[in-house]
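Sequential numbering of the sequence shown, starting at 29, is according to the working numbering.
Notes to accompany the following structure.
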Amino acid sequence: MWNSTRRLPPSGFSTGPPAAACPILPDAMPTAGTGSSVGASLSASGLSKFYGDLKVFSKLDFSVAAGEVLVIAGPNGSGKSTLLKIAAGLLTPSFGRIEFRNSMEVIPKERRRRHLYMVSPDLSFYEELTARENLNFFLALLGRKLDNVTETLSRVGLGGREDDEVAGFSLGMRQRLKYALAFLLEPQFLFLDEPTANLDTAGAKIVIELLAEQKKRGLAVVATNDPNEYTWGDKKLELGR
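And the structure:
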């Protein structure tokens, strides 16, 4: 139950906070984690992104199937985050196409966000709410209510902090909270941008555990410049060469 003495999310934004400040994208309505992951796949052809005359990347082709993890590697500024945001529908490519599939069906662009979850430094939670309240809010946004929120928070190392406001969390704790939501949502398509940013060794193990589970229900795309994380992928796409 919401604490009536605490400021709640903006009432004027009925479907959740803006995408730039929200780990669930605004039009992600109730189907995330509920569809079959058999045959889930992601593919791109001729994908290019330009800002004026500045080329971020050009003519990228790749594919990821259910049970696979694609690692997008490259130095800072090579376009890794941009590519993930294009896949998530937060940015539009200059050229090329990207396609999501579920079994034999192509998932229409307007429905893609229902099936994905993204962990990114750009996405955050409501600081005025507690860890538990944030998770319950975003689950409610998707029409879901789960009984294992407390258990999941303990799983990611936030046991005992369930009812603390996120405003008092360190960057590493906030990152762990994002992974708690990923465990709860069980998305078919999981996108991780710099997944171990602000995490210690124990936190990195949480990411590895999440990816192992993700391979059983869908696929994942991981953007990183850490060579130690390249081994997480079944495939690697290198940018900036």
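We put the CB at the ideal spot given by N, CA and C, even for glycine.
Predicted model, so just to flag it, every value in this text is computed and none were measured.
Is the beta carbon of residue i less than 8 Å from the beta carbon of residue j?
i	j	result
G261	L98	yes
Y207	V184	yes
N162	V194	yes
R189	A159	yes
A72	L88	yes
P277	L157	Any question about residue 277 goes unanswered here, given that the chain covers just 29 to 269.
G102	G268	yes
A248	L218	yes
K239	I100	Inspection of the sequence shows that residue 239 is occupied by Leu rather than by Lys. Contact: no.
V92	K243	no
With distances taken Cα to Cα, identify the nearest neighbour of residue i among the options.
i	options	result
G107	S86, R142, R125 and F123	S86
D221	L88, G105 and M146	M146
D150	E133, K113 and V177	K113
G105	L199, F219 and T252	T252
F197	K244, S152 and N176	S152
L277	I126, L144 and L118	One cannot answer for residue 277 here, as it falls past the ends of the chain, which runs 29 to 269.
K137	G80, M201, V84 and G117	G117
Just checking my contact of residue i with residue j at CB under 8 Å: how many whole Å lie between their CB atoms?
i	j	result
Q216	G246	4 Å
V250	E241	About 14 Å separates the two Cβ atoms, so there is no contact after all.
With DSSP as the reference, label residue i as helix, strand or coil.
i	result
A48	Residue placement at A48 is poorly supported in this model, since its pLDDT is 40, which falls under 50; the coordinates are not used for a value here.
L174	coil
V184	coil
S109	helix
F90	strand
R140	helix
R275	Since the displayed the chain opens at 29 and closes at 269, residue 275 lies outside it and no answer follows.
R129	strand
Quick check on the DSSP output: what are the complete alpha helix (DSSP H) runs of length 4 or more inside the stretch 197–266, in order along the chain?
199–213 and 229–245
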